[in-house]
Structure formats: C-alpha cells, structure tokens
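Just so you know, the sequences run in chain order S and Z.
First residue of the first sequence? That's 165 in this note's numbering, and the numbers climb one at a time after it.
First residue of the second sequence? That's 165 in this note's numbering, and the numbers climb one at a time after it.
Let me begin by presenting the structure, written as structure tokens, before commenting on it.
Number of protein chains: 2
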Amino acid sequence: MLTSWEHRFANRTEGMSGSAIRELLKFSSLPDVISFGGGLPAPDVFPIQKFIEASDTVLKEMGDRALQYGTTEGYQPLRELIAQNAIEYGIPISSDNVLITSGSQQALDLLGKIFINRGDRVLTESPTYLGAIQAWNAYGAKYVTIASDDNGMQTQHLEELIDTHVKFMYVLPNFQNPTGVTLSRERRKQLVEVANRYGVPIIEDDPYGQLRYEGEHLPPVVVMDDELRSNEVPVYRGNVIYTSTFSKILAPGLRLAWVIAPEEVIEKLVQVKQGADLHTSTFTQYIAYEVIREPSWMKNHIQMIREVYRERRDVMLKALEEFMPDGTRWAHPKGGLFLWVSLPKGYDTNKIFPKAIEQKVAYVPGTAFHPNGGGENTMRLNFSYSKPEIIYEGIQRLANVIKQNL
Amino acid sequence: MLTSWEHRFANRTEGMSGSAIRELLKFSSLPDVISFGGGLPAPDVFPIQKFIEASDTVLKEMGDRALQYGTTEGYQPLRELIAQNAIEYGIPISSDNVLITSGSQQALDLLGKIFINRGDRVLTESPTYLGAIQAWNAYGAKYVTIASDDNGMQTQHLEELIDTHVKFMYVLPNFQNPTGVTLSRERRKQLVEVANRYGVPIIEDDPYGQLRYEGEHLPPVVVMDDELRSNEVPVYRGNVIYTSTFSKILAPGLRLAWVIAPEEVIEKLVQVKQGADLHTSTFTQYIAYEVIREPSWMKNHIQMIREVYRERRDVMLKALEEFMPDGTRWAHPKGGLFLWVSLPKGYDTNKIFPKAIEQKVAYVPGTAFHPNGGGENTMRLNFSYSKPEIIYEGIQRLANVIKQNL
C-alpha cells in the first residue's frame, strides 16, 4: 500500500498558495529580466570587507562558542545592543524584552503560533505584507482589512472595524510593504489610543524605519504607546509588539531579526521558538554583533545605504514620470524599498505580467498583498536592488508593456 | 484597558512546557557543574581553521550572493552534495528530494505543520527525542508509544498499536536519543513492512548515523524501504521521510540540517517553510558547503570525531562500572552521544536532580523523553561534550549522589 501523500497532509495546508507568487518570481531570475519583483537589498551595499574581518575575529577568538549551540533567546551581547538602541529610540526596555529570530518572517510565524486559533480575526492594512498573510494562514487566521491612503492606514475607520475579540492589529508604519506609504503622527496616536481602549495588541513591523530618504523621523508606534502610560513603570508593559530586522541594514543572508515585547510575550515566544528551530544561528549572531558593535561605523553604513537607495528611488520616480502613460498613478515613498503603482480601474496586472516577462521586466501583481481580494490594477515595484541605469531602462520597458495593454 | 496577555494566547500554547527541562538545564551551566545534560558536541572537534578559510573564500569570491536572500529549498550545490551522498548510501534521489532546514528541529516542526491536525495520533518510541514532542505538541499531536529494548523499537508489537489513521511513525534508528540503542536490521525490515502494509509514513531521524564507534553499519530505514519496491522507478517514491543534520558532524551553531523525501512532501514543506522563515541562512549554507566539499577532508574529519567520542564513551562506561552502585543499569551505545542509565524501580531521577546539582553534576531526568509518562527511574547522560578526565570525575560525583539516595 503506497502512501498517498495528498490525503495525509493536515487541513491547514489546504489551499496553501504562496506557490502562485513563487512561480511568478521564478521568471524574475531569468537572464536579462530586469526585476522589480523581489524585495532584495542591493548587493552593492553589503559591507563585505567588514564581514571578512568580523568572521576572522569571531572564529579566531571565540570559534568554540560561535559554532556551538546557543540559547533560544539569542546571543546576549546582541540582545543588549538591540535593547540599548531601543532605549535611545525612547522604548524603556531591557534585554529581557528582546528575542532574536531567524529573520522577521520567523517573528511573524511565531507570533501567529502564540496568538491565532483557527478562525481568529486579525486586523491588517490592505494591501499588507504578503509574508504575514502566508505565516498566519497556516494558523487559520481570518482578516479584517482597513484601507490605506497617502498617510497610511485609515485609522479614522478603525472603530467601525475593531472589537475586543480581534486578536491583534498588524501595521507597517514606515514606508509600508507594499505601498511605500508612512503612517502619519496623528494616525499613530489614534491607532494606539483605539488599541488601548479595546485591549487589542498591535504588532508593529518596522523593517525599513532606518531607511528614510526625506522628511522627519516619526516615533515608532511602540514609543507612542508607551507615552500613553505613566512613567512610573520602568519596564515596557505596553500593548505593542515591535519587530525589525538586520536584512535591510546589514544583509538578509544572515537571517537575523528581533522582536521587542513585554516579557510575558517574549517568554511565550521563546517556548514556541524552542520547538521551531531551537535557536537562531549562533555563528551569524556573533558575526553580526562583531560587525555592528561600533555605533559610528553602523551610523555611517546606514547613511551610505540611504544615499544609494535615495538615488535609485529618485531615478525610478523620474522614469515613471517620463514614461508612464496617463492614468497611471504612483505613490512617492519617503523611504524603504518599494513603490506602488496603480493602473486605471479595469486593468489587471496579473494578466499583464506574462507580457512584461516577454519584454524582460518583472514586478509583483498587487493582488498578492490583499488578504481578502482586491488590488487587480496595482503592482509593487522594488527600487533598491537594481542599479540606477537598469531601473531607468526597466521602467521604460514596463511603461511600454502597459501602454500596449491600456 | 491594559492587555492581559495570558488570555490572548492561542489554545495550542496551553500547558506548553519545555520550560521545566529548560529550567533544569540552566543549572547545568553554573560554574564548576559537570554537565552530562545537554546534547552538545565537543568544541574540540570544531574545524575552526577550516571555517576561517571557508569564510574568507566565500566572502571574497561570492559575498554578494552569500549575504543575499536565497531560495527556500536551499543552496543548490549543498542540496546536490547531500543528494550525491544519499545516492552513495543507496537512496535513489536527486536534489529535488532535498530540503535544507534551519536545524533538524525545524525539520520536525515543519513535518508537524504539514501532517498533524489537532488530535492526530503519531507513533513514537518511548522514550523518544524531546524536541520532537515539543514540536508536535504545538500542533496538538497525541502519541501512541512503543517500548524499546537493546535492539531498539520493539517492532514485534507494532501491529497491535498501528492502524491506517496513525499519521506517521517516528524513529531514531541509530544510537537513539535518549537511549543510545540501535534498531536491529531485522526490526528495520519489520518496521518498513508494517508501515507499507498500513500506508503509514515513517519519519527517520538520523542525526548520529555517521558516529558509529563499533560494529557494522546498518542500512538506513529509507534504504530498506526502497528495497521493498521494484527498481524500475528511478526516483524515490517511498514511504520514508529521512532527516539528518550538520550539527553533530560539523557544528550546531550553523543551524543546518536537511530532509530527504518524495517530491510531493518536499513541495509541501517548501510552502510552509516559506511562511516560517523564508529560507535558511545563505551565509551558513555557503560556508558549510565550502568546508565539506572535499570528500576526503570530510571523511577524515568524521573519523577524528569518532575517535574522540569513542574514547569518551569508553571512559564513561568504565567509570559507571567502577563507581555505580549495584542495581544501576546502563546501555552500551555503539555510537552517538548518549548513554541511558536506569536506577532500581521506585527511585525518581527528578527528585535526585537538585541533589546532583548540589554535588555539581547534571543530567536529564528520563521522564522528559516519555510522551505519555514513565521513566521516573531513568536518566540520560551525554558523553560527547566533556573531556575524558571530567567525565570520570563527573560519574564519580553522580554515583555518590545516587548511593546517598538509594
């Protein structure tokens, strides 16, 4: 009796997609295709020399520990460095509030695992980050979605949508993936107020916060949440779970990210992480710590990334202006990696995709980012990966494809 | 309204333990404690110089790719190398049958995610690997357990326990964790025959297969399963999902392991892995590949590990013989990292544990490895981590604690 695998798989795997978009993105890596599809950092900004030195130091001076098993919570000096940076941001935490994860995708997965019962409702922006939907679908999440505009999530509609049973709200306040928009200060305030009124936690996903190319830095949602409380509590006991990553400011190949949360939440995350992968690579944690431990180096490094990406964003905006047909609209992102393009209503970016691939240019169709449908006329473009002249050429190709299909 | 976290957590996190054993193991790392508790490789066997050279090569020659995002399936040359080794073992696969995971703990977690619906029954040895129980508890598994003896799982009782609804069987055939015993050739055959008769898949967990210190290598269960079939099928379409790891033959800090399975299973695992952590660190995969790519180096390296661990096992066996009181029994493991000790019935190794810590020696109480209870009079001892003279001293301490409590 040969096993029939399909009927053995658990119910949660039914209708698991991810594959549609994965299939699309495979085309992106064909030769000569200019890909605006992924969310890849520019390899040009990887500090390779610094990594060579750090690897050498770590292996020579502490190789026996860097290659050994580590604690589930993460490498203690790295947790402390993250806590120190958070304190400078205005979040009153200690390293006990920090968990190192295997990329922020794992943070999203573990958060789904500790919070979501099958059928639980989660409130997200629509469009929102595809990886969050993928992670939480596996736990049977349902989505209550809220639209966004040029100032981010339309928090004025929050009270129409929320109730005390919503498991959590998920927001990417800075240079959102996929839209590139930033949640305004007023809306951040409104968000934390509503969340506190209903006792609904917020997951704040902030991979790009440091990559601002213009305008004034806005306080993270977690800081605004903390400001709601009296200052007599010396540790963070708030309502926000914050996550960020080294993928965009250092290198994604390390798979290193972190969660900041009240200790009760960290403890629960540690329990499930132990069952999920024991702990994140000690080797990559030691090396990352060695690379970033000098604040002045890190500051200069991030400044360099900002300059590279600002130029690429500007080139993309200029090319869109120059080549795109009338009726096409796009946002002006103040940071991050992405730019969101809308075609006139009635056009379908999924249908146009194969034609774009024929013309050797790729993007992600906007429907992928809508948990409950919608976005047929939209697409996400990445501007961090390709060099400026390639971006210019790619937008010209894309505009031609669109013109031929308008 | 301040969030009460406890009542927000998902049902699956209720009664999540792991913490009891975690708390115990924290004592193991106190200064001067001789720990037989963990499952740590000896840092003495880490090939640090080789890692220094590999890191340098990888960063200088392909740093832009090694630090970038990678595919969920894993680094292709590493998958091919693993497939090549598997073919030499007699498993007819290609790299499409290989998934790289973030440690074998992740392999167990992802397998739970794709197979286990709440309440599903899984058949395991008892005692069995603690990490598997932790991973599968999160998906609501129930356990049907089968006892083992000096020849491993008592497969003669399989048919009394199995039915077609059992989701899968889990077996560690070589130098089992925690008992150190090896499943005999006859029982391997019986296992695959019963599994095929009932159409119940087998998960074969083989972290220590290469670490045999005496006796003849036995074919993996996956090979014996394949032998049941006609050879006209050129790819593996069998009933066994095999997993192994680089943690014990290279370094656990890399968090690198792999799964070998029919393509349908690999595809499903890839879908859930994408939601769980996108992919395993490209950086550690590139470096591991660079370290192990010369078969002759790897062969010598594993031979060196075998010699180091064989000596440690022999010292532990000798010390047990010399110091342990009458009525204490232990197995003679032919490989791996662990040795299983049984005190006379009625004694409780959980109760003795604090006294052992007072005498500065640690172990893992056997109850931790029993999914459905039992093993109160047993303990697991690790012999790979400590140097021989430390092992000798530690067993003397442990024997004294036991004598005082017999």
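Here a beta-carbon is modelled for each residue, glycine too, at the ideal position from N, C-alpha and C.
So, is the C-beta of Z/Glu-428 closer than 8 Å to a C-beta in chain S? Against the second sequence, residue 428 of chain Z aligns to sequence position 264. Yes - at least one Cβ of chain S is within 8 Å of the one on Z/Glu-428.
Measure from the alpha carbon of Z/Arg-285 to the alpha carbon of each residue in Z/Pro-371, Z/Val-330, Z/Glu-486, Z/His-171, then state which is nearest. As a working note, residue 285 of chain Z is residue 121 in the second sequence. Checking every option, the nearest Cα to that of Z/Arg-285 belongs to Z/Val-330.
Alpha carbon to alpha carbon, how far is Z/Ser-268 from Z/Asn-360? Give it in angstroms, no decimals. Counting from 1 along the second sequence, the entry for residue 360 of chain Z is found at position 196. Counting from 1 along the second sequence, the entry for residue 268 of chain Z is found at position 104. About 25 Å.
Out of curiosity, what's the CA-to-CA distance linking S/Phe-191 and Z/Arg-470? Reading the first sequence from its first residue, position 27 is the one you call residue 191 of chain S. Reading the second sequence from its first residue, position 306 is the one you call residue 470 of chain Z. Cα-Cα distance, rounded: 46 Å.
Evaluate contact between the segment 418–434 of chain S and the segment 255–264 of chain S, counting only Cβ atoms and requiring at least three cross-stretch pairs below 8 Å. yes
Report yes if the CB atom of Z/Tyr-453 is closer than 8 Å to the CB atom of Z/Lys-412, and no otherwise. What you label residue 453 of chain Z is simply residue 289 of the second sequence in a count that begins at 1. What you label residue 412 of chain Z is simply residue 248 of the second sequence in a count that begins at 1. Contact annotation: Z/Tyr-453 and Z/Lys-412 have beta-carbon atoms that are not nearer than 8 Å.
Restricting to Cα atoms, I'd like to know which of S/Lys-224, S/Thr-319, S/Pro-489 is closest to S/Glu-350. Counted from its first residue, the first sequence places residue 350 of chain S at position 186. The shortest C-alpha separation from S/Glu-350 is found at S/Thr-319.
Assess, as a yes-or-no matter, whether the segment 247–254 of chain S is touched by the segment 541–555 of chain S under the definition of 3 or more beta carbon pairs within less than 8 Å. no
Do we get a CB-CB distance below 8 Å when we pair S/Ala-305 with the residues of chain Z? In the first sequence, residue 305 of chain S corresponds to position 141, counting from 1. Residue contact with chain Z for S/Ala-305: absent (no Cβ-Cβ distance below 8 Å to any residue of chain Z).
Alpha-carbon to alpha-carbon, Z/Met-388 and Z/Arg-352: For the purposes of this step, residue 352 of chain Z is taken as the residue at position 188 of the second sequence. For the purposes of this step, residue 388 of chain Z is taken as the residue at position 224 of the second sequence. About 7 Å.
In terms of residue numbering, what span does the beta strand (DSSP E) encompassing Z/Phe-487 cover? Taking the second sequence and counting its residues from 1, one reaches residue 487 of chain Z at position 323. Run containing Z/Phe-487: none in the beta strand (DSSP E); it sits in the alpha helix (DSSP H), 459–487.
Per-residue burial, Z/Asp-390 [other beta carbons within 10 Å of its own, 16 or more giving buried]: The residue you call residue 390 of chain Z lines up with position 226 of the second sequence. It is buried - the Cβ of Z/Asp-390 has at least 16 other Cβ atoms within 10 Å.
Could you check whether Z/Asn-464 and Z/Gly-510 sit closer than 8 Å to each other, using their CB atoms as the reference points? Taking the second sequence and counting its residues from 1, the one referred to as residue 510 of chain Z is at position 346. Taking the second sequence and counting its residues from 1, the one referred to as residue 464 of chain Z is at position 300. At a Cβ-Cβ threshold of 8 Å, Z/Gly-510 and Z/Asn-464 do not count as neighbours.
Enumerate in chain order the residues of its own chain whose CB-to-CB distance from S/Tyr-303 is below 6 Å, with the five nearest sequence positions on each side excluded. Sequence index remark: in the first sequence, residue 303 of chain S carries index 139 (1-based). The residues are Gly-276, Ile-280.
Please list, in chain order, all residues of the same chain as S/Pro-529 whose beta carbon is under 7 Å from its beta carbon, the five residues on each side excluded. If you number the first sequence from 1, residue 529 of chain S lands on position 365. Answer for S/Pro-529: Thr-513, Asn-514, Phe-517, Met-543, listed in chain order.
List the residues of chain S whose Cβ lies closer than 9 Å to the Cβ of Z/Phe-191, in chain order. Position 27 of the second sequence, counted from the start, is the residue given in the question as residue 191 of chain Z. Chain S residues near Z/Phe-191: none, gap ~14 Å exceeds 9 Å.
Residues that S/Ala-230 contacts on chain Z, provided the C-beta gap is smaller than 7 Å: Taking the first residue of the first sequence as 1, we reach residue 230 of chain S at position 66. Those within 7 Å of S/Ala-230 in chain Z are Gly-417.
Do you know whose CA, among S/Tyr-450, S/Asp-369, S/Arg-229, S/Trp-422, lies nearest S/Ile-216's CA? Within the first sequence, residue 216 of chain S is the residue found at index 52, counting from 1. Looking at the Cα atoms, S/Tyr-450 is the closest of the given residues.
At 3 residues or longer, what runs of the beta strand (DSSP E) sit wholly inside the segment 302–368 of chain S? 306–313, 332–335
Which term fits Z/Glu-486, buried or exposed, when burial requires 16 or more other beta carbons within 10 angstroms of its beta carbon? By one-based count along the second sequence, residue 486 of chain Z stands at place 322. The residue in question, Z/Glu-486, is exposed, as its Cβ has fewer than 16 Cβ neighbours within 10 Å.
Hey, S/Leu-294 and S/Ile-310: beta-carbon distance below 8 Å or not? Numbered from its first residue, the first sequence carries residue 294 of chain S at position 130. Numbered from its first residue, the first sequence carries residue 310 of chain S at position 146. Their beta carbons are not under 8 Å apart, which means S/Leu-294 does not touch S/Ile-310 by this criterion.
Taking just the CA atoms, how far does S/Asn-341 sit from S/His-534? For the purposes of this step, residue 534 of chain S is taken as the residue at position 370 of the first sequence. For the purposes of this step, residue 341 of chain S is taken as the residue at position 177 of the first sequence. Each residue's Cα considered, the two are about 12 Å apart.
Beta carbons nearer than 8 Å to chain S: which residues of the segment 275–294 of chain Z have them? Lys-277, Ile-278, Phe-279, Ile-280, Asn-281, Asp-284
Select from S/Leu-420, S/Leu-545, S/Ala-271 the residue whose C-alpha is nearest the C-alpha of S/Ala-440. By one-based count along the first sequence, residue 440 of chain S stands at place 276. Residue S/Ala-271 is the option with its Cα nearest to S/Ala-440.
Taking 8 Å as the CB-CB limit, is Z/Met-480 close to chain S? The sequence position of residue 480 of chain Z within the second sequence is 316, counting from 1. For Z/Met-480, the answer is no, since every Cβ of chain S falls outside 8 Å of its Cβ.
Distance cutoff 8 Å, beta carbons only. Does Z/Ala-174 sit that close to anything in chain S? Mapped onto the second sequence, residue 174 of chain Z falls at position 10. Yes, its Cβ sits closer than 8 Å to a Cβ of chain S.
So for Z/Met-226, helix, strand or coil by DSSP? On the second sequence, position 62 is the one that residue 226 of chain Z refers to. Here Z/Met-226 sits in helix by DSSP.
Alpha carbon to alpha carbon, how far is Z/Arg-376 from Z/Ala-296? On the second sequence, position 212 is the one that residue 376 of chain Z refers to. On the second sequence, position 132 is the one that residue 296 of chain Z refers to. Cα to Cα, the separation comes out at about 23 Å.
Tell me whether S/Pro-365 is buried or exposed, calling it buried when 16 or more other Cβ atoms sit within 10 Å of its Cβ. Residue 365 of chain S sits at position 201 when you count from the first residue of the first sequence. Buried: at least 16 other Cβ atoms inside 10 Å.
Does the Cβ of Z/Ser-312 have 16 or more other Cβ atoms within 10 Å, making it buried, or fewer, making it exposed? What you label residue 312 of chain Z is simply residue 148 of the second sequence in a count that begins at 1. Classification for Z/Ser-312: buried.
The alpha helix (DSSP H) enclosing S/Leu-272, as first and last residue numbers: Start at 1 with the first residue of the first sequence, and residue 272 of chain S comes out as number 108. Start and end: 267–279.
Please list, in chain order, the chain S residues whose beta carbon lies closer than 8 Å to that of Z/Trp-461. Taking the second sequence and counting its residues from 1, one reaches residue 461 of chain Z at position 297. Chain S residues near Z/Trp-461: none, gap ~17 Å exceeds 8 Å.
Figure out for me which residue from Z/Glu-475, Z/Gln-560, Z/Pro-459 has the closest Cα to the Cα of Z/Pro-489. Along the second sequence, read from residue 1 onward, the residue named residue 489 of chain Z stands at position 325. Considering only alpha carbons, the answer is Z/Gln-560.
Per DSSP, what kind of secondary structure is S/Pro-535 in: helix, strand or coil? Along the first sequence, one-based indexing puts residue 535 of chain S at 371. Three-state result, S/Pro-535: coil.
Under 8 Å between C-beta atoms, does Z/Asp-220 make it to chain S? As a position in the second sequence, residue 220 of chain Z is number 56, starting the count at 1. Yes, contact with chain S.
Considering S/Arg-544, what are the terminal residues of the beta strand (DSSP E) in which it resides? Along the first sequence, one-based indexing puts residue 544 of chain S at 380. Looking at the DSSP string, the run of the beta strand (DSSP E) that includes S/Arg-544 is 542–546.
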